[in-house]
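**Student:** Residue numbers (the working numbering), protein chains in the order written: chain F, 1 to 470; chain H, 1001 to 1470. For glycine and all other residues, C-beta sits at the position ideal for the given N, C-alpha and C. Shown below is the structure under consideration.
Number of protein chains: 2
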Amino acid sequence: MPGTGADETSRSDRVPAGITDMQPRRWMPPQDAISADELEAIHLASLQVLEEIGLDVLDAEARAILVAAGAEASAGTPRIRFDRGLVLDAVRHAPATFTMHARNPARHVRFGGDWLAFAVMGSAPNCSDLERGRRPGTRADFQDLVRLGQAFDVLHLSGGYPVEPIDLHPRIRHLDATADFIRLTDKVFPVYSLGAERNRDGIEMVRIARGIDTATLEREPSIMTIINSSSPLRLDAPMAQGIIEMARHNQVVVMTPFTLAGAMAPVTLAGALVEQNAEALAGIALAQIVRPGAPVMYGGFTSNVDMKSGAPAFGTPEYMKATLIGGQLARRYAIPYRSSNTCAANAVDAQAAYESVFSLWSVVMGGASFVKHAAGWMEGGLTCSFEKLVLDVELLEIVAGLLATGGTPTPPRVGLAARTDGPDLVRRAQRIWKETLAAYQPPPLDPAIAEELDAFIARRKEAGGVRTDY
Amino acid sequence: MPGTGADETSRSDRVPAGITDMQPRRWMPPQDAISADELEAIHLASLQVLEEIGLDVLDAEARAILVAAGAEASAGTPRIRFDRGLVLDAVRHAPATFTMHARNPARHVRFGGDWLAFAVMGSAPNCSDLERGRRPGTRADFQDLVRLGQAFDVLHLSGGYPVEPIDLHPRIRHLDATADFIRLTDKVFPVYSLGAERNRDGIEMVRIARGIDTATLEREPSIMTIINSSSPLRLDAPMAQGIIEMARHNQVVVMTPFTLAGAMAPVTLAGALVEQNAEALAGIALAQIVRPGAPVMYGGFTSNVDMKSGAPAFGTPEYMKATLIGGQLARRYAIPYRSSNTCAANAVDAQAAYESVFSLWSVVMGGASFVKHAAGWMEGGLTCSFEKLVLDVELLEIVAGLLATGGTPTPPRVGLAARTDGPDLVRRAQRIWKETLAAYQPPPLDPAIAEELDAFIARRKEAGGVRTDY
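See the structure below:
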């Protein structure tokens, strides 16, 4: 089947050593939803926004870095204005493809080109399942969802805490949560940008987990962070620090403005996309100024709000078009594109399913590399559902099967539709996650690494963890 | 947005007079799932099948027509073998685009090019709704489903009886059902090929309904029939008669082999597609031999069976790939492509929704023109569900919204997800179809036409209807 044309080398040439064929690859080209002229208009308008309005950068070090690179500060305010040449020269250094390294080389993940990577849902405040209902997240739920992420091969990494473990104190939450990621899964995982100390802890812990030195870690990106600008046109201090800290160590920055047409962005899709693009370019430029060539992704999360309820709309034509145009923008800058598998539904019902498949349709058509929230997302992101996670695994396996080409056998599926143990899909999904958790085995971890990890955590806890006054 | 490249004239040039912009148009090109070489291999293998094995044609007139055109009969058997030149010369006459004429010109439907047309489900033996459960079809249910098909603008035509009205005697069923179509909807509708008399009655009734003479009707295709070959490699007598009768009057033949890999077709998808293509080409060739240039469609309905249950699989990767490759074959012959919106689900649940959206995804990617079974299909075709029909209207409206381009405002939606009158989607769907039926008004019909129609039906009933010994 035809390649995307984006990369002219043959498929086999592009598979880095150690990567098995667990990731699906897109054989159909991405689809352009708007013309080259319309795309250029969004691009130029976003550069004009950065030049004339600028961005509030709430971190002093970030402002100093940007000013040293030629950006213009405004005395007495955090506002930074960016010359378009400065932005474009910086963005040009971002790599078009890169590999993230897991502690198990068979779990390395490739971003860019025609590769797709699916991540467990991230950052839900609540989780839910059929038996126990909807509840705020705990470490026990966090761990179970990480185990499920490990168990299903179609899930390639974690993109965030699947649910927030609120019974872990914020000062030490990132230490215990990162340790859980390392012990319970051998796949790639993230660190939150909530102050540079947390980023540094995450980077150090993944170095320990992989059993490598700092120089190797800086050659081999192994941990990612998601950066959300505070639209409109603001980059908060912890987010700016996250960009700096991660880029400095050549780790992955996923720059994702969250722009809702009709809420924190203009009511038209084009206006919201101009804002998305301005914020994304500014964040990516900062990363590239800190370290030219540092791995970044262009994240799109633009949708519209339901004009009756004010709630974000997902899986709608507007959402799909925003996803497609986001992909066109990312391709314009030759940066891997991050998108999501979202829905607004409150139950694991027909609405949850169709909104998710429409999302996935636009993800594949839009040429996304990294699909965050690929499994578990419910209620516009307020809940990670155990049963929805299983439903999404089924959906992702169908997408992977569609993308399996001549040489690749269609991967086996979780079999949610084919199971005969009950007429009710949600109940079948419940049985599947329960059976999967019962059969779960943690991936082997070198005892010396486990010990070094424990010692690091003990030392950091003894020092009081991190400040929580962000 | 870019056109498909299939038709180089501008969009406005191609809109025939009287057609409003009710049909969505594809702005993204169809996606090729296999290479040109692989496609050619299927094409050549199907021609070889027609040359060396041939097709059992169970109607004497059809055999005579084919033999007169150069096909080879086999003494004492119904087997007809087709020289590839004969097949390809005939198929070449099929038009790449055509318009079907409704009695209301605003409801004309365009097939081919980048147009899409969505039809209400056809030929379900059962119907179901939340209140009354699943039951064999009656005329009352048939009428209600035709009314719903009339009410939703995103449904452009009927592709069959939405449910079989079994309380109408088979001798006169087509007369009353066709009269119901004419009275309850001003959109295009079909006639079944169950013997040439029924085709002739349908053609005459649509002529009366449109208030035109026979010559005009022969210039303006106004009624369609679905032809299913009896795989493997057999064309039953009523089906052959349907092709002859409809083509003779320049009415629309939708030639759709139903080939299930692992059931009545080889277990590999490629093998099943060779069989599909052989049967489709033979039927289309017969139509073109009868009347070169008669409007036809290339129908694809190839899937695999679930190897555990033996039931057909829908909305699976195999189904999607078969749909895509069927589209490639139809484009190879430049004939409008007919596909479907199918699912295997037994309830209006997440499975019904995701299988349907995956079907629609392959329909759009596959470049289909005519989407049969677009609304209401359940249980692999055994049931037309009132609530699923509403769910499908929502799905089709999302697809139409995705396909709405710059100049076209996003069409309004039925609002299944946005409604606040209950948390349960199926119950919301129930309220929507009940409200829609309550608000239904039959489209105006000229009293003189109604009278002529009644007289025709009375005369035909007096004559005893049609034979039922097919």
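Who are residue 377 of chain F's beta bridge partners in DSSP?
**Tutor:** Its beta-bridge partners are F:384.
**Student:** With a cut-off of 8 Å, does the C-beta of residue 180 of chain F fall near any C-beta of chain H?
**Tutor:** Output row for residue 180 of chain F: interface = no.
**Student:** Is there a C-beta anywhere in chain F that falls below 8 Å from the one on residue 1317 of chain H?
**Tutor:** Yes, contact with chain F.
**Student:** Provide the residue span of the beta strand (DSSP E) that contains residue 1354 of chain H, from first to last.
**Tutor:** Taken as a continuous stretch (DSSP letters only), residue 1354 of chain H belongs to no beta strand (DSSP E), being part of the alpha helix (DSSP H) at 1350-1365.
**Student:** Could you pull out every residue in the same chain whose Cβ sits closer than 6 Å to the Cβ of residue 1359 of chain H, ignoring the five residues on either side in sequence?
**Tutor:** Result list for residue 1359 of chain H: 1315, 1341 and 1342, in chain order.
**Student:** If the criterion is Cβ atoms closer than 8 Å, does the pair residue 369 of chain F and residue 338 of chain F meet it?
**Tutor:** Contact: yes.
**Student:** Please identify the residue among H:1182, H:1386 and H:1296 whose C-alpha is closest to the C-alpha of residue 1133 of chain H.
**Tutor:** Cα-wise, what sits closest to residue 1133 of chain H is H:1386.
**Student:** In chain H, what lies closer than 9 Å to residue 346 of chain F by C-beta?
**Tutor:** The contacting residues are 1423.
**Student:** Quick check on residue 290 of chain F: does DSSP put it in helix, strand or coil?
**Tutor:** Note: residue 290 of chain F maps to helix in three-state DSSP.
**Student:** I believe residue 354 of chain F touches residue 1357 of chain H by the beta-carbon criterion, under 8 Å. Please report the beta-carbon distance rounded to the nearest angstrom.
**Tutor:** Their Cβ separation, rounded to whole angstroms, is 5 Å, which keeps residue 354 of chain F and residue 1357 of chain H in contact under 8 Å.
**Student:** For chain H, is any of its Cβ atoms less than 8 Å away from the one on residue 321 of chain F?
**Tutor:** At least one chain H Cβ lies under 8 Å of residue 321 of chain F.
**Student:** Using three-state DSSP, classify residue 1298 of chain H as helix, strand or coil.
**Tutor:** Strand.
**Student:** With a threshold of 8 Å between beta carbons, is residue 1305 of chain H in contact with chain F?
**Tutor:** For residue 1305 of chain H, the answer is no, since every Cβ of chain F falls outside 8 Å of its Cβ.
**Student:** Return the Cβ separation of residue 1125 of chain H and residue 1142 of chain H in integer angstroms, given the expectation that the two are a contact with Cβ distance under 8 Å.
**Tutor:** That belief does not hold up - the Cβ atoms of residue 1125 of chain H and residue 1142 of chain H are roughly 12 Å apart, past 8 Å.
**Student:** Taking the C-alpha atoms as reference points, what is the distance between residue 1345 of chain H and residue 79 of chain F?
**Tutor:** Answer to the nearest angstrom: the Cα atoms are 55 Å apart.
**Student:** Measure the Cβ-Cβ separation of residue 154 of chain F and residue 180 of chain F and say whether it is below 8 Å.
**Tutor:** No, these two residues do not count as a Cβ contact at 8 Å.
**Student:** How would you label residue 63 of chain F, buried or exposed, when you count the other beta carbons within 10 angstroms and need 16 or more for buried?
**Tutor:** Buried, since its Cβ has 16 or more Cβ neighbours within 10 Å.
**Student:** Per DSSP, residue 72 of chain F is paired with what?
**Tutor:** Bridge partners of residue 72 of chain F: F:81.
**Student:** Taking the alpha carbon of residue 419 of chain F as the point to measure from, which residue in H:1240, H:1307 and H:1382 has its own alpha carbon closest?
**Tutor:** Checked all of H:1240, H:1307 and H:1382; the closest Cα to residue 419 of chain F is H:1307.
**Student:** Residue 96 of chain F to residue 327 of chain F, Cα distance in whole Å?
**Tutor:** Using only the alpha carbons, I get a separation of about 13 Å.
**Student:** So, at 6 Å on beta carbons, what are the nonlocal neighbours of residue 24 of chain F in its own chain, with the 5 sequence-adjacent residues on each side left out?
**Tutor:** Hits under 6 Å: 116, 400 and 403.
**Student:** Please tell me whether residue 396 of chain F has its Cβ less than 8 Å away from any Cβ of chain H.
**Tutor:** No, residue 396 of chain F lies away from the interface with chain H (no Cβ there is under 8 Å from its Cβ).
**Student:** Give me the Cα-Cα distance between residue 505 of chain F and residue 458 of chain F, rounded to the nearest whole angstrom.
**Tutor:** Past the boundaries of the shown model lies residue 505 of chain F; chain F is included only from 1 to 470, so the question cannot be answered.
**Student:** Output needed for residue 1013 of chain H: all residues of its chain with C-beta closer than 7 Å, excluding positions within five of it in sequence on either side, in chain order.
**Tutor:** Per-residue confidence for residue 1013 of chain H stands at a pLDDT of 38, beneath the threshold of 50, marking its modelled position as unreliable; no derived number is given.
**Student:** Is the distance from the Cβ of residue 319 of chain F to the Cβ of residue 255 of chain F below 8 Å?
**Tutor:** It is not a contact, given that the beta carbons lie outside the stated cut-off.
**Student:** Can you tell me whether residue 1217 of chain H sits near the ligand FAD, meaning its C-beta is under 7 Å from at least one heavy atom of the ligand?
**Tutor:** With respect to the ligand FAD, the structure shown offers nothing to examine, as it has no ligands at all.
**Student:** Could you run through the region 23-42 of chain F and flag, in chain order, every residue whose CB is less than 9 Å away from some CB of chain H?
**Tutor:** If the cut-off is 9 Å between Cβ atoms, the region 23-42 of chain F has 27, 28, 29, 31, 32, 33, 34, 35 and 38 near chain H.
**Student:** Is the CB of residue 1430 of chain H under 8 Å away from at least one CB in chain F?
**Tutor:** Not closer than 8 Å to any Cβ of chain F, the Cβ of residue 1430 of chain H fails to qualify, so no.
**Student:** Thinking C-beta only, is residue 1239 of chain H closer than 8 Å to residue 1223 of chain H?
**Tutor:** No, the Cβ-Cβ distance between residue 1223 of chain H and residue 1239 of chain H is not below 8 Å.
**Student:** Hey, could you find the ends of the alpha helix (DSSP H) residue 1151 of chain H is sitting in?
**Tutor:** Residues 1139-1151.
**Student:** Who are the neighbours of residue 349 of chain F on chain H, taking C-beta pairs under 7 Å?
**Tutor:** Going along chain H in sequence order, the residues near residue 349 of chain F (Cβ under 7 Å) are 1349, 1350 and 1425.
**Student:** Considering just the uninterrupted stretch of the beta strand (DSSP E) at residue 119 of chain F, what are its terminal residues?
**Tutor:** Counting along the chain, the beta strand (DSSP E) containing residue 119 of chain F begins and ends at 117-120.
**Student:** Between residue 225 of chain F and residue 170 of chain F, is the Cβ-Cβ spacing less than 8 Å?
**Tutor:** No, Cβ-Cβ distance for residue 225 of chain F and residue 170 of chain F is not below 8 Å.
**Student:** Could you pull the start and end residues of the beta strand (DSSP E) that residue 133 of chain F belongs to?
**Tutor:** Run containing residue 133 of chain F: 133-136, per the beta strand (DSSP E) assignment.
**Student:** At which residues does the alpha helix (DSSP H) containing residue 1333 of chain H begin and terminate?
**Tutor:** Counting along the chain, the alpha helix (DSSP H) containing residue 1333 of chain H begins and ends at 1317-1333.
**Student:** Only counting the same chain, and skipping five residues up and downstream in sequence, which positions put a Cβ closer than 8 Å to that of residue 204 of chain F?
**Tutor:** Hits under 8 Å: 456.
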